[in-house]
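With my numbering applied, the sequence shown covers 11 to 277.
Beta carbons are placed, not taken as given, at the ideal position from N, Cα and C, and that holds for glycine.
Quick caveat: nothing in here was measured; it's all calculated off a predicted structure.
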Amino acid sequence: AEALAADVGLMGPGAVGGYQRPPRTAGALQGATSASPDAFRRPPVDEVADVWRRCVPVTIDPGVERYLRARGWTWPDLQALVDLDMARALPVGAGDLPIWASYGRSPWTVGGRLILPCFGPAGELVQLRARWVLPIEDSPAWAVNGDRLRFKEHGGTGITHGGCLYANPVGRAVLAGDLEGFAGEVVIAEGWPDFARWSVQVHRRGLPVAVLGVWSGAWTNGLFAARIPDGARVDVATDADEAGDAYARTIMQTIGARCRVHRLKAR
């Protein structure tokens, strides 16, 4: 474990056992001790907001747009994605990034340039995730060899990946306690692609449905369950595999007693 941590840049050589943790830079990470299960290590909110501001609409960046189009996103869908502001493109020339906006020693600008906002239990922006968009044939040689520096989706270096999730505008309002215009229906999808497609679908149909997206560790008992209104219809649309079933069980156990929960298998 120490060797792997050193290899991806989380630890440096020189301590007992051959490694020691490198000193933290001021403002590198905030909060988060292990004293409480509800304490998470988050990036500073000003750094999160700054990186988000540096990003551009996905329809402006050719590389990110090409990545999405190759996965079946049409122009109307991409425009809806921009309107909902659920993803942005990180330009190659975005400048120096905070240490957490990296994969090991490599900043997200190398290839993880589809940037995804993640929200806390009150609907507040707490951190970002990145999806790899660079085609393998365009990857730098050091990223191709052994495929070591490529990833599908990355939550940042040295921060807690749980306790936050994806949310469309209606979902963020529901988490914040604003139920005005809410249709009483919630969809919980697994991963950003399914979450985004559900969000675009209900948006284009004009439905005030809250759409949330989860990944491993995102749905923390007590944090998000308490934000789902009593009596709401909740469609749990996680994948039809072992991991998706596990996510569904966790979610259904936390809200099944007071919500109308239905299991929808995405595939």
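Near Ile-238, which residues of its chain fall below 7 Å by C-beta distance, leaving aside the five closest residues on each side in sequence?
Val-196, Val-244, Ile-265 and Cys-269
Starting from Ala-247, follow the beta strand (DSSP E) in both directions and report where the run begins and ends.
243 to 247
Can the beta-carbon of Leu-91 be found closer than 7 Å to that of Ala-99?
no
Just checking, does the stretch 166 to 182 make contact with the stretch 217 to 225 on the three C-beta pairs under 8 Å criterion?
yes
Return the CA-CA distance between Pro-101 and Ala-267, expressed in angstroms with no decimal places.
46 Å
Which residues bound the beta strand (DSSP E) around Ile-198?
195 to 200
For Phe-205, three-class secondary structure by DSSP
helix
Based on the DSSP output, what are the partners of Leu-126 in its beta bridges?
Arg-139
Tell me the residue span of the beta strand (DSSP E) that contains Ala-220.
220 to 224
Please name the residue, chosen from Gly-73, Gly-194, Leu-233 and Glu-200, that lies closest to Leu-217 on a Cα-to-Cα basis.
Gly-194
Reducing DSSP to helix, strand and coil, say where Val-180 ends up.
helix
Cβ separation of Thr-248 and Glu-200, assumed to be a contact under 8 Å, to the nearest whole Å:
4 Å
Spatial neighbours of Val-74 within its chain, please: CB distance less than 7 Å, with the 5 preceding and 5 following residues excluded, ordered by chain position.
Val-68, Ala-99, Arg-123, Leu-124 and Val-143
To the nearest angstrom, report how far apart His-137 and Trp-229 are at their CA atoms.
Checking the sequence, you will find Gln at residue 137 rather than His. If you take the alpha carbons of Gln-137 and Trp-229, they lie about 15 Å apart.
Report yes if the C-beta of Pro-117 is less than 6 Å from at least one heavy atom of the ligand PLP; otherwise report no.
As presented, the structure is devoid of all ligands, the ligand PLP included, so that no description of it is given.
Going by beta carbon distance, what residues of the same chain come within less than 6 Å of Val-283, once the five residues before and after it are set aside?
Within the shown structure, residues of the chain are numbered from 11 to 277, placing residue 283 beyond reach of any answer.
Where Leu-185 sits in the DSSP three-state scheme
helix
Quick one: grab the DSSP three-state call for Val-74.
helix
Inter-residue Cα distance where the pair is Ala-258 and Arg-273
7 Å
Which residues bound the alpha helix (DSSP H) around Val-55?
55 to 64
Under DSSP, the alpha helix (DSSP H) around Arg-259 begins and ends at which residues?
252 to 265
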